[in-house]
Amino acid sequence: MTKFLNDPKYEPVNMISFGAKKYFLSRRPKKEALLPGGFTNLAIAAQTTCAARLRLTQKAGIENMIYCDTDSEIYKENVGENKLELIRCEQLGFLTDEIPAGRKLKKVVVMTPKMYALRMEDQQGKSSYSVKAKGVSLTSKNSEAISFNTMKETMKDFISEGISEPLVAKMMTFKRGDNALDGLWTCITDKRVNPKMDKGHYDIHGVVTPFGQLPTNTLLIDDYPFYDQ
Numbered sequence: 007m008t009k010f011l012n013d014p015k016y017e018p019v020n021m022i023s024f025g026a027k028k029y030f031l032s033r034r035p036k037k038e039a040l041l042p043g044g045f046t047n048l049a050i051a052a053q054t055t056c057a058a059r060l061r062l063t064q065k066a067g068i069e070n071m072i073y074c075d076t077d078s079e080i081y082k083e084n085v086g087e088n089k090l091e092l093i094r095c096e097q098l099g100f101l102t103d104e105i106p107a108g109r110k111l112k113k114v115v116v117m118t119p120k121m122y123a124l125r126m127e128d129q130q131g132k133s134s135y136s137v138k139a140k141g142v143s144l145t146s147k148n149s150e151a152i153s154f155n156t157m158k159e160t161m162k163d164f165i166s167e168g169i170s171e172p173l174v175a176k177m178m179t180f181k182r183g184d185n186a187l188d189g190l191w192t193c194i195t196d197k198r199v200n201p202k203m204d205k206g207h208y209d210i211h212g213v214v215t216p217f218g219q220l221p222t223n224t225l226l227i228d229d230y231p232f233y234d235q
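Numbers 7 to 235, taken from my numbering, label the letters of the sequence shown in order.
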C-alpha cells in the first residue's frame, strides 16, 4: 500500500476503509508525468481528415454536394451513376451506402454536422425516413421530438427568422458522488438540439473561422517537442 501511494508519478486521491483491515485506494497521474507519445501528432491527424473530405468532394463534384463530414457525405447523382464505386463497400475502411437497395433519396434536412434526416421512396412511392442525431438515443419518444418533419420546421424558422426553438430529447445519464465508493444512480436530463455551431464564426459564404484562431501575422515559436525514439 505504501509503495502504491508513494509512487512519484502519481498523486493519492482516496483511501477509504471498508470492512476489517480493508481499504479502497485510488490515485491519478501527475501532469508532469504525462508525456505525449513519440508518434502522436494532432496536426497530421487534422490534415488527414481534411484531405479526405476534399478528395470525397472532388470525386462527387462540388455542384452535387449536400452534406459532408469527416468520413461521410451526401451528394446527388444520376440514376445508374456510381461516382464512388471503388470506395463504396460494406468492408471496414470503405464508405457504406445508407440508402437501401431499391430506394431513392428524395429530400434531406441538415441541422448541424452529424445531425440530419433523410426521406426516401421505394419503387411504389412509399416514403421511409432515416434520422441521424449524434449524442441522442432515438427512442420511440425521442423520435417524435427529433424527426424529419420537426427538423424541417426548425430549419424553416431558423432560415426565415434567424432563431428557432430547440428540439428537446430526454436522455438518461449516470451520476455518482465524489468518492469512489459513493452510490451510482440514473437521472433524466434534457438534450437540446439547435441548428447552430459552436466551433467558430461563420460568414455569409459559410466559411468558418475557429474560435481561438490566431491572426495570420502571428509569430509562432517552433518549439514542438519532437522525440527521437
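Just so it is clear, CB atoms sit at the ideal spot from N, CA and C, and this is done for glycine as well. Quantities reported herein were computed from a predicted structural model and do not represent experimental measurements.
Residue j beta carbon less than 8 Å from that of residue i
i	j	result
L144	L124	no
M126	M161	no
M121	A107	no
L31	N20	yes
K158	V115	yes
D77	A49	no
Whole-angstrom distance between residue j and residue i, CA atom to CA atom
i	j	result
T156	P172	10 Å
R109	G206	37 Å
V137	P201	15 Å
L90	A66	7 Å
D13	R33	10 Å
D188	M7	22 Å
L220	L226	10 Å
K9	D204	45 Å
I80	T179	32 Å
Q97	D103	11 Å
F45	M71	35 Å
D101	E69	A small correction: the amino acid at residue 101 is Leu; Asp does not occupy that position in the sequence shown. Spanning the two alpha carbons is a distance of roughly 20 Å.
S134	A52	35 Å
I93	T54	17 Å
E87	K147	38 Å
T222	C56	20 Å
Sheet register partners of residue i (DSSP bridge)
i	result
L124	V114 and S136
L190	R182
G206	P216
V174	R198
S32	N20
Beta-carbon proximity list for residue i, same chain, < 6 Å, skipping 5 on both sides
i	result
P119	D75
K132	none
D276	Past the edges of the chain, shown from 7 to 235, lies residue 276, and the structure says nothing about it.
F217	G206
M177	T195 and K197
K27	none
S23	Y29
Q130	none
P18	L11 and R33
Cβ neighbours of residue i in the same chain (closer than 7 Å, five flanking residues each side left out)
i	result
P35	K15 and Y16
K181	W191 and C193
K113	R125
A151	L173, V174 and A175
G141	K197
A39	K15
I105	L111 and M126
Residues of its chain near residue i, where Cβ-Cβ distance is below 8 Å and the 5 sequence neighbours each way are ignored
i	result
G183	G189
Go through the segment 65–120 residue by residue and report every complete run of the beta strand (DSSP E) that reaches 3 residues or more, in order.
Segments of the beta strand (DSSP E) lying fully in the segment 65–120: 71–74, 79–81 and 110–118.
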